[in-house]
Amino acid sequence: MRLLPALTALSLTTLGVAVAAPPASAGGAPDLGPTATGYGGAVATVDATATAVGLDVLRKGGNAVDAAIAAAATLGVTEPFSAGIGGGGFFVYYDAKRRSVSTIDGRETGPATMTEDYFIDPADGLPYDFPEARVSGLSVGVPGTVATWEAAARKWGTRSLAEGLRPAARVADRGFGVDATFRQQVADNAAAFGQFDSTREIYLPGGAPPAVGSTLRNPDLADTYRLIADRGAGVFYRGAIADDLIETVQNPPVADDPTGAWAYPIRPGELTKADLAGYRLRFPSPTRSDYRGLTVYGMNTPSSGGIAVSEALNIIEKGLPGSASATEKLHYYLEASALAFADRNRYVGADTSQRTVRQLLSDRWAAQRACQIDPGKALTKPVPPGDITARGCTPATAGKPVEQGQSTTNLTVADRWGNVVEYTFTIEQTGGNAMVVPNRGFLLNNELTDFNFAPTQGTAADPNLPGPGKRPRSSMSPTIVLKDGKPFLALGSPGGATIITTVLQVLVNRLDLGMTLPEAMAAPRASQRNSAGIQAEPAFRARYGPQLTALGHTFGPDVAELGAATAIEFTRGGGLIASAEPARRGGGAAAVVHPRR
Numbered sequence: 060m061r062l063l064p065a066l067t068a069l070s071l072t073t074l075g076v077a078v079a080a081p082p083a084s085a086g087g088a089p090d091l092g093p094t095a096t097g098y099g100g101a102v103a104t105v106d107a108t109a110t111a112v113g114l115d116v117l118r119k120g121g122n123a124v125d126a127a128i129a130a131a132a133t134l135g136v137t138e139p140f141s142a143g144i145g146g147g148g149f150f151v152y153y154d155a156k157r158r159s160v161s162t163i164d165g166r167e168t169g170p171a172t173m174t175e176d177y178f179i180d181p182a183d184g185l186p187y188d189f190p191e192a193r194v195s196g197l198s199v200g201v202p203g204t205v206a207t208w209e210a211a212a213r214k215w216g217t218r219s220l221a222e223g224l225r226p227a228a229r230v231a232d233r234g235f236g237v238d239a240t241f242r243q244q245v246a247d248n249a250a251a252f253g254q255f256d257s258t259r260e261i262y263l264p265g266g267a268p269p270a271v272g273s274t275l276r277n278p279d280l281a282d283t284y285r286l287i288a289d290r291g292a293g294v295f296y297r298g299a300i301a302d303d304l305i306e307t308v309q310n311p312p313v314a315d316d317p318t319g320a321w322a323y324p325i326r327p328g329e330l331t332k333a334d335l336a337g338y339r340l341r342f343p344s345p346t347r348s349d350y351r352g353l354t355v356y357g358m359n360t361p362s363s364g365g366i367a368v369s370e371a372l373n374i375i376e377k378g379l380p381g382s383a384s385a386t387e388k389l390h391y392y393l394e395a396s397a398l399a400f401a402d403r404n405r406y407v408g409a410d411t412s413q414r415t416v417r418q419l420l421s422d423r424w425a426a427q428r429a430c431q432i433d434p435g436k437a438l439t440k441p442v443p444p445g446d447i448t449a450r451g452c453t454p455a456t457a458g459k460p461v462e463q464g465q466s467t468t469n470l471t472v473a474d475r476w477g478n479v480v481e482y483t484f485t486i487e488q489t490g491g492n493a494m495v496v497p498n499r500g501f502l503l504n505n506e507l508t509d510f511n512f513a514p515t516q517g518t519a520a521d522p523n524l525p526g527p528g529k530r531p532r533s534s535m536s537p538t539i540v541l542k543d544g545k546p547f548l549a550l551g552s553p554g555g556a557t558i559i560t561t562v563l564q565v566l567v568n569r570l571d572l573g574m575t576l577p578e579a580m581a582a583p584r585a586s587q588r589n590s591a592g593i594q595a596e597p598a599f600r601a602r603y604g605p606q607l608t609a610l611g612h613t614f615g616p617d618v619a620e621l622g623a624a625t626a627i628e629f630t631r632g633g634g635l636i637a638s639a640e641p642a643r644r645g646g647g648a649a650a651v652v653h654p655r656r
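Numbering (the numbering used here), first residue to last: 60 to 656.
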């Protein structure tokens, strides 16, 4: 959680120089906790400053879309290693007047020259090591975030994109307080960041990560936001910003005297001005499924999130006994996750037909997969995917588990009219491809490394190999749940492939284990992505490990934290419960317009 520092400190700060910030109370910085209840609209993000910006928009009469854009742009300043205008994402919107859910696919696209062997080293015929592919121009896809904000503002907002960008530009100019999470993210990326003049100038002042409690400014990003505000998204895709972006991709700004060693050559990319100018958003129908009388909407392809979350819920609903204990419910959560991931890896990619999507979301498919689960014994992992051409418990040939990066951010917004935004966006790895576009202040994505570098499904077709202009598969899972046609719950999370299991587990916690929303968010997490061992937080393993191990589940090494979710629950009489993480990633921030009537 990062707080806006006092204005008295800001005048002392220059680009790349971090100075001590005063206590938050000295400057009237937002003092927001992880849970807020009330009325009139709500905002939940991973960052107090972004939440405060979104809340201010709601209080001044803006709607959920207006607030979401303003908060997202602010997160591009305060959470630059997770998201920003150098990346893309998925925007899910509930329109209260029409009682309908719509989506925007702002996922990045590969260059027109991209082929299936794009990530194969021609020198030895083997896939590049991930760090080599990531920190290069090869990994950069055409960003979709600016186009997403502009389209959302025009279609559903009440304010212009320019108005949405101004608060974030002010935050970038004035600066924000560096916390321990931010400093650690810089430290973890120090070797990569140190290779580029434009990146280390901002994030490695004096050759080291900024100190906790110091103030970090990004006037270049403020100027970039103002330029987009003045000229529209076209300047990003066809104008001066586009020129600088493509120059960075094709000629990475490698320092003459890098800070630290880097083991790999830094390769140029193939993205062109024509690729950038030709970018188009998609507006696919959301995925839709039913769970215990509720209607669950999620993101369609190229995300696998909506499909996997809904398939797993369907499997749980088909197989879980009504009298199940807490341990049995967690057993079914883990088994359904593994089965859904097996099917995701085998069948889901950007070009998956909607006929296949509908089949994976069907109750008949859920029954075909649920029959694999033994209530008293865990399946041997990895499990094979289901045979989409057959019926019954017929498995197909097993492929390999597929993992993804860990860095993304998420926000949830509701307004007084009942409109809801669930928005997940990213630059992929923490720190993206490590290159800040010179004089523009934003990091580029490494989203194309979400493609499989080589075939993963044996003799079967791999749905996530690179291709010309193709969007890589994602796990982002922005989710809106309706009850009787009205919002009941909206949630999403960062975390790479663990996004799916985080969203799914919060739903299981809330809907099946009887937790309140804040309890469901704070509860310890585990992720079973069809791998031999469950990835779990230490508290989950301590609390549930013995019972689940007795059922045959195995655990891999513990992980400190999984996800960083945000959510809003809609209660009777127009009430709202806004919830963010109490501890993960340093804690998030939730706020409501009116804490009481």
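C-beta: ideal position from N, C-alpha, C; glycine also.
Checklist entry - Can you tell which of E260, K214, E138 and E329 has its C-alpha closest to the C-alpha of Q244? => result E138
Next on the checklist: Nearest by alpha-carbon distance to R655: which of G633, G647 and A642 is it?
Outcome noted: G633
Checklist entry - Enumerated in chain order, which unbroken segments of the alpha helix (DSSP H) with a length of 4 residues or greater are wholly contained in the segment 88-155? => result 107-118 and 123-137
Next on the checklist: For R193, which residues in the same chain have their Cβ closer than 7 Å to its Cβ, ignoring the five residues on either side in sequence?
Outcome noted: Beyond the five residues adjoining it in sequence on each side, R193 comes within less than 7 Å, by CB distance, of Q488, N492, N505 and T508 in the same chain, given in chain order.
Checklist entry - If we call anything under 8 Å between Cβ atoms a contact, is M93 one with S638? => result The question names Met, but residue 93 in the sequence shown is Pro. In this structure, S638 lies closer than 8 Å to P93 by Cβ.
Checklist entry - From F342 to D316, what does the alpha carbon distance come to, in whole angstroms? => result 45 Å
Next on the checklist: In the DSSP assignment, the alpha helix (DSSP H) including L398 goes from what residue to what residue?
Outcome noted: A385 to Y406
Checklist entry - On the premise that G135 lies in contact with G143, defined as a C-beta separation below 8 Å, what is that separation, rounded to the nearest angstrom? => result 4 Å
Item to check | Enclosing alpha helix (DSSP H) for V562 [first to last residue] | outcome: For V562, the uninterrupted alpha helix (DSSP H) segment begins and ends at T557 to L570.
Checklist entry - Under a Cβ-count criterion, where at least 16 other Cβ atoms within 10 Å of its own Cβ denotes burial, should A320 be classed as buried or exposed? => result exposed
Checklist entry - Would the segment 211-230 and the segment 348-360 be scored as touching if the rule is three or more Cβ pairs under 8 Å? => result no
Item to check | Residue range of the beta strand (DSSP E) that includes F484 | outcome: V479 to E487
Item to check | Exposed unless 16 or more other CB atoms sit within 10 angstroms - verdict on G234 | outcome: buried
Checklist entry - Taking C-alpha atoms, which residue in L610, S195, N122 and R242 lies nearest to A211? => result Taking only the C-alpha atoms, the option nearest A211 is N122.
Item to check | Own chain partners of A549 with C-beta closer than 6 Å, once the 5 adjacent residues on each side are dropped | outcome: T471, V479, E481, I539 and I627
Next on the checklist: Alpha carbons only, please: which of R403, V112 and R218 is nearest the one belonging to S533?
Outcome noted: R403
Next on the checklist: Between Y392 and Q564, how many whole angstroms is the CB-CB distance? I'm expecting something under 8 Å.
Outcome noted: 6 Å
Next on the checklist: Between the alpha carbons of L621 and L566, how many angstroms are there, rounded?
Outcome noted: 15 Å
Checklist entry - Taking the C-alpha atoms as reference points, what is the distance between A371 and A399? => result 6 Å
Next on the checklist: Give me, in chain order, the residues of the same chain whose beta-carbon lies closer than 7 Å to that of Y153; leave out the 5 immediate sequence neighbours on both sides.
Outcome noted: V160, N478, V479, I539 and P546
Item to check | Under the three-state DSSP convention, the category P311 falls into | outcome: coil
Checklist entry - Going by DSSP, what residues sit across from R341 in a beta bridge? => result D164
Item to check | Spatially closest choice to T307 from E329, L610 and G272, by CA coordinates | outcome: E329
Checklist entry - According to DSSP, is L541 helix, strand or coil? => result strand
Checklist entry - Below 8 Å, can you find three or more Cβ-Cβ pairs linking the segment 291-311 to the segment 264-280? => result no
Next on the checklist: What does DSSP give as the partner residue(s) for I672 in the beta ladder?
Outcome noted: Lying before the first or after the last residue shown, residue 672 is absent from the chain, which here runs from 60 to 656.
Checklist entry - Roughly how many whole angstroms lie between the Cα atoms of S586 and D433? => result 19 Å
Item to check | K377 - DSSP class collapsed to helix/strand/coil | outcome: helix
Next on the checklist: To the nearest angstrom, how far is the alpha carbon of S382 from that of L389?
Outcome noted: Taking the straight line joining both Cα atoms gives about 13 Å.
Item to check | N-terminal and C-terminal residue of the beta strand (DSSP E) that Y356 is part of | outcome: L353 to G357
Checklist entry - In terms of residues, what are the limits of the beta strand (DSSP E) holding K275? => result Here residue 275 is Leu; the residue named in the question, Lys, does not match the sequence. Looking at the DSSP string, the run of the beta strand (DSSP E) that includes L275 is S273 to L275.
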